[in-house]
Amino acid sequence: MAEKTLPPVDVVVVGSGWAGSIMAKELCEAGLSVVMLERGARRSTARDGAYPASIDELEGAVRYKLFQNPAQTTVTVRNRTDQEAVPYRRLAAFLPGAGVGGAGLHWTGVHFRATPQDLRLRSHVVERYGSKFIPEGMALQDYGVTYEELEPFFDRAEKVFGTSGLAYTVNGEVTGKGNVFAPDRSDDFPLPPLRDVYTAHLFRHAATEAGYHPYAMPAANASQPYTNTYGAQMGPCNFCGYCSDYACYMSAKASPNVNIMPALRRHENFTLRSNAHVLKVLLDSTGKKATGVVYQDAEGNHITQPAGLVILAAFQFHNVHLMLLSGIGKAYDPASNTGTVGRNFTYQNITNSTVLMPPTRSTDQFIGSAGGVAIDDFNSDNFDHGPHGFIGGSPLWVNQAGVKPIAGAKGSFPGAPRWGSAWKKAAIDTYRHSFTINAQGSNMAYRDVYLDLDPTWRTSYGQPMLRMTFDWKDNDIRMNRFVVSQLEGVVKALGAQDAHYGMREPGKPFDVRDYQTTHLCGGAIMGEDPKTSALNRYLQSWDVPNVFVVGANAFPQGMGYNPTGLVAALAYWSAHHIRTQWLKGNGGPLVAQ
Amino acid sequence: MSSTARKPLSVSASLFCGLTLMASISAPALATETDNAAQDLITKGRYVAEAADCAACHTMPGSAPFAGGYAFQLPIGTLYSSNITPDKTNGIGNWTEAQFVRAIREGVRADGASLYPAMPFPSYARMTDEDLHALYVYFMQGVQPVADPVRANTIPWPLSMRFPLTFWRWVFAPSPEAARASAARTFASPELARGAYLVEGPGHCGACHTKRGIAMQETALTAQDGPHYLAGGAAVDGWTPPSLRGEPRTGLGAWSVADLTAFLRTGRNTRGSAFGNMDTAVHHGTQYLTEDDLTAIARYLKSLPAADATQHPWQPDPAATRALRSGGKLTPGQRLYLDNCAACHRSTGAGYAPAFPPLAGNPVVMNRAPDSIIHIILTGATLHGTSAAPSSFTMPGFDKRLTDAQVAAVVTFIRHAWGNDAAAVSDVDVAHTRKQLIPATMQSAPPTSEGAAHSASHPAMDAN
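As you go down the protein sequences, you meet chains H and F in turn. Residue numbering for the first sequence follows our numbering, beginning at 1 and increasing consecutively. Residue numbering for the second sequence follows our numbering, beginning at 1 and increasing consecutively.
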């Protein structure tokens, strides 16, 4: 192992997913020299999406080709502070990506904006329900940025991603049959919505009959060939269903690799280094200024890359981990409720219900895309929470993402026989005639749910692992049960033969062995108060003002929607203020403390 | 960072307080003082080099510009392109302008030996003194010298002797005077004259797109020489260059001027995508030409009448689409098409242009010679990004997946479907093509190794 120091550059970006790619592109456009460091391998649609080899469920979804290798680095997990955390050795509950494109290569492509209420949830709840409505121990906060401020950046991201969808209002005028709960937009989606698959079509009609307001889910799966803001080209989605866990061979699913890298690589001031695992951000003697990063390359050498500006844009918990390892900001202590790095760690509260249709209805579950039909009647604060006594909500949707052979063989209708010819029949019936309705809900932040450095376990790089302390709380369990129970009218209207309502069970702890979602949030959140947030509203570290930390780590609590649309908008928002304010100033804080 | 960085980087934004400035970006390395006139001449020379597509043969992907080493697989052995950087030992740094001009126009090296006609001097003979002067200045002052020695050719004796090439030149290469007289012939408009100059001269389109004779000489060098000119050539590196004349099915008869300029600018349009050596030609050459020059080229090509006057325009025929969608009994070719091709090229054969090109009505598909379509199915190909269209698209290779008989079946289907009307191919044809495709001839194949294609001098060659 050798140590080496490279010539300085203007900017080092840690991570090559959506957040890192957007930041790198913006800062290259500003004329800065940018080095992007990616811990995983080079990836491209040409290689990783080569048809038909790419549509290999064993390689993609069982052996996790595009994901983090837990043997190199992982987290430890426990439910409560009085337990000892143990390492997450097999990927299951959540699947962080590795390699160029990060999670942006293996995501499905569901592309939402945030609701105006969710962005200022604490203020909104206090205004509508009073401060006593907030349960003891819930760390409810505002983002410090409003929907109106972010709107141009949501719009920009959609035009880069080639997002397919249907607006409800544009500039205050009703323009289409979109989501009636959606906030106003400055422009329509760049592409029309994906067509409803059969099960989404059934759901749309049943939800209407039940009195709800179904809409086409916005998806960063191109419904037509598309050329984006950067001149990058996409093919159209053909509903093959190989979105989540795979590189899209049609170049129809937006990814940093398809939508940004082709243009980013043409900047002469851009350098991408793969297999570069960043170990820490280096600070000067004052601890108030970053001087660069040190990373380990594929040969095990420790390379110092000096830089004037450090952008942390790794996956949510890796960003938090790097801040803790580097001493950027004060580590959160739940006992004293002080410190900011690690607090407000949240997840997403998803449960799946299964509907079994009569044998005459074939649900064609092999078809899939990031599109689908959703209702927002019980999402965010679209309904009166007063009588229910919980905060948060959940969209309900049929987002048929394509059931592949192995998953199909494993997933029989709940209660079906587990072996023999009866199991085979149940598996076949389930595959042919069932479909899934997801309740993807919010997850609030709590004082004793957080991230810190594990005192025992170390990564293969010799550093303390990140420790997750996480469990489901009463507020979120009741929210989920309430929303899922609203499906009964839909199921009735569907004419279903049977239905299994997937609900969170009180007393059942968070279990990492079952896949739930990779939508982890928080831990280094944005906000208006340096005592309760690690980052200011521009995603700038309160403590080290030449470090910006971009990603879902900034969300104060988990929302019902998928996080990527907000991650992208926040990245453009942050980059805009770096370009227009920070670069022109003295390199100090953009918000006075 | 290469000396041929296309535009100087603006670093003004880095001049803010407290930020470490980059040290890694070098200014374009110009050997002499850069007064405006000299700089303009270098810029003009670079443009001529792009119009003449010098880099396509003299720059290896991932290597320094113009250092040579590109392999030409010829029936007589392997020929490597030379180092044309201004390095005094290994390149052309000691050449006078007169020697340089003679090499380009007449195929005679500074030492008096004859060049192989892989160097398209019979076309370059048309180039003007003005263009060649700018080109010389560019190579001497705008290109970084590289000390890589020229790789020895593997052409066995007696074919390795160069003196017979002198006779070849006498017989087949035009004298510069005659060539320039031809270039100065009367045209209907200055635009057509410019188009003819670019295509017949520096563009040397005929080097690939015109059939060669028994001695490898182009059978026509200009539009004046008759309908052989640009009527399609024999396979080069296993790719068959199609006709650039007005045949409605196998030529450019159905392409508009706008189709042509989009194709030359971006390597793609709604009718097709560049692959094989044309991808390289777009990448190194045509994408950098001005809109006026591309339009001139397009109008000139559109002025060339069909060499084969018997072709009827392509008309869509829905029978194949209906068969593919019927869910009924399919022929092996239809079945293979659905399983391997239809995801991107669709049951209509219309593709999703420009991302995935159409096969229906595509001149390359209907070419009399099936080499290109067999080749691309076996090896795949990458359409690289350009400045105007940075996305790269790769068709994967199916050589490990499909047998010779299967490739023949699907190629035969594609050549007959949707109104296409080209002849069937057999497994013997496929076996023959497969045998020819030794790795050295597959320089345009998709990148396979980690980061192999990413290089500072060719950022755009990294397929995404």
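Don't be surprised by glycine CBs; every beta carbon is placed ideally from N, CA and C.
Look at the Cβ atom of residue i, then the Cβ atom of residue j, and state whether they are nearer than 8 Å.
{"i": "Gly402/H", "j": "Phe366/H", "result": "yes"}
{"i": "Met503/H", "j": "Asn475/H", "result": "no"}
{"i": "Gly235/H", "j": "Pro225/H", "result": "yes"}
{"i": "Arg90/H", "j": "Pro70/H", "result": "yes"}
{"i": "Val170/H", "j": "Asp142/H", "result": "no"}
{"i": "Gln287/F", "j": "Pro248/F", "result": "no"}
{"i": "Ala125/F", "j": "Trp168/F", "result": "no"}
{"i": "Ile567/H", "j": "Trp18/H", "result": "Rather than Ile, the amino acid found at residue 567/H in this sequence is Val. It is a contact, given that the beta carbons lie within the stated cut-off."}
{"i": "Ala307/H", "j": "Gly329/H", "result": "no"}
Below 8 Å CB to CB, which residues in the same chain sit around residue i once its five sequence neighbours on both sides are set aside?
{"i": "Thr32/F", "result": "Model confidence at Thr32/F stands at a pLDDT of 48, short of 50, so the residue's coordinates are unreliable; what they give is reported in the following sentence. Contacts found: Ala38, Gln141."}
Among the residues of its own chain, which have a CB less than 6 Å from the CB of residue i, if the five just before and after it don't count?
{"i": "Pro358/H", "result": "Gln497"}
{"i": "Cys344/F", "result": "Phe356"}
{"i": "Gly272/F", "result": "Pro357, Asn362"}
{"i": "Ile76/F", "result": "Ile155, Leu159"}
{"i": "Val364/F", "result": "Pro242, Ser372"}
{"i": "Thr441/F", "result": "With a pLDDT of 44 at Thr441/F, under the threshold of 50, the predicted position of this residue should be treated as unreliable, though the coordinate-derived value follows. Only Gln73, Asp237, Gly238 meet the Cβ criterion."}
{"i": "Ala388/F", "result": "Arg265, Thr266"}
{"i": "Leu32/H", "result": "Asp10, Val11"}
{"i": "Glu177/F", "result": "none"}
{"i": "Leu453/H", "result": "Leu324, Pro464"}
{"i": "Gly408/H", "result": "Tyr431"}
Judging by CA-CA distance, which residue of the options is the nearest neighbour of residue i?
{"i": "Val491/H", "options": "Phe161/H, Phe435/H, Tyr446/H", "result": "Phe435/H"}
{"i": "Pro61/F", "options": "Ala215/F, Asn277/F, Tyr288/F", "result": "Asn277/F"}
{"i": "Thr250/F", "options": "Val101/F, His133/F, Thr240/F", "result": "Thr240/F"}
{"i": "Val544/H", "options": "Asn352/H, Lys289/H, Asn562/H, Gln296/H", "result": "Lys289/H"}
{"i": "Ser164/H", "options": "Tyr215/H, Leu202/H, Gln72/H, Lys584/H", "result": "Tyr215/H"}
{"i": "Ala210/H", "options": "Leu487/H, His519/H, Asp511/H", "result": "Leu487/H"}
{"i": "Leu79/F", "options": "Pro86/F, Thr85/F, Asp87/F, Tyr70/F", "result": "Tyr70/F"}
{"i": "Thr74/H", "options": "Glu84/H, Gly104/H, Phe94/H, Gly60/H", "result": "Phe94/H"}
{"i": "Asp429/F", "options": "Gln406/F, His416/F, Thr210/F", "result": "Gln406/F"}
{"i": "Ser303/F", "options": "Arg346/F, Glu291/F, Gln334/F, Pro227/F", "result": "Pro227/F"}
{"i": "Val258/H", "options": "Gln233/H, Phe239/H, Pro96/H, Asp245/H", "result": "Gln233/H"}
{"i": "Ala220/H", "options": "Leu27/H, Phe112/H, Phe67/H, Leu150/H", "result": "Phe112/H"}
{"i": "Arg195/H", "options": "Ser255/H, His213/H, Met217/H", "result": "Met217/H"}
{"i": "Ala110/F", "options": "Ala98/F, Pro117/F, Ala118/F", "result": "Ala98/F"}
{"i": "Ser442/H", "options": "Ser380/H, Val591/H, Gln316/H", "result": "Ser380/H"}
{"i": "Cys248/H", "options": "Gly109/H, Arg343/H, Ala331/H, Arg513/H", "result": "Gly109/H"}
{"i": "Arg156/H", "options": "Arg185/H, Gly137/H, Phe510/H", "result": "Arg185/H"}
{"i": "Ile578/H", "options": "Met559/H, Gly558/H, Val550/H, Pro563/H", "result": "Val550/H"}
Along the beta strand (DSSP E) that carries residue i, what are the first and last residues, could you check?
{"i": "Gln73/F", "result": "71 to 74"}
{"i": "Val282/F", "result": "Careful: Val282/F lies outside any beta strand (DSSP E), inside the alpha helix (DSSP H) at 277 to 284."}
{"i": "Tyr288/F", "result": "Tyr288/F -> no beta strand (DSSP E), and no H or E assigned at all."}
{"i": "Pro464/H", "result": "464 to 469"}
Starting from residue i, trace the alpha helix (DSSP H) in both directions and tell me its first and last residue.
{"i": "Asn259/H", "result": "256 to 259"}
{"i": "Glu191/F", "result": "190 to 200"}
{"i": "Lys4/H", "result": "No alpha helix (DSSP H) holds Lys4/H; the beta strand (DSSP E) holding it covers 3 to 5."}
{"i": "Phe153/H", "result": "147 to 161"}
{"i": "Lys483/H", "result": "First, the amino acid is wrong: residue 483/H is Val here, not Lys. Note, Val483/H: alpha helix (DSSP H), 474 to 485."}
Which residues in the same chain have their Cβ closer than 7 Å to the Cβ of residue i, if we skip the five residues on either side of it in sequence?
{"i": "Tyr168/H", "result": "Val174, Gly176, Gly178, Asn179, Val180, Ala182"}
{"i": "Pro145/F", "result": "Thr85, Pro86, Asp87, Gly91, Gly93"}
{"i": "Ala206/H", "result": "Val490, Ala493, Leu494"}
{"i": "Gln400/H", "result": "Val197, Thr199, Ala200, Gln365, Ile367, Gly368, Gly372, Phe435"}
{"i": "Val125/H", "result": "Phe133, Ile134, Leu140, Ile391"}
{"i": "Val547/H", "result": "Val281, Ala290, Val310, Leu312, Ile328, Ser541"}
Closest Cβ-Cβ distance between residue i and chain C: below 8 Å?
{"i": "Met234/H", "result": "Protein chains in the displayed structure are H and F, and chain C is not among them."}
| Going along the segment 341 to 355 of chain F in order, which residues come within less than 8 Å of chain H, judged by CB to CB distance? | Ala343, Cys344, Tyr352, Ala353, Pro354, Ala355
| query | Using Cβ-Cβ distances below 8 Å, what residues of the segment 28 to 57 of chain H are close to chain F? | reply | Ala30, Gly31, Leu32, Ser33, Ala41, Arg42, Ser44, Thr45, Ala46, Arg47, Ala50, Tyr51, Pro52, Ala53
| Residues in the segment 252 to 285 of chain H having any Cβ partner in chain F nearer than 7 Å | Asn257, Val258, Met261, Pro262, Ala263, Arg265, Arg266, Glu268, Asn269, Ser274
| field | Members of the segment 37 to 63 of chain F near chain H, C-beta cut-off 9 Å | value | none
| field | Members of the segment 119 to 131 of chain H near chain F, C-beta cut-off 7 Å | value | none
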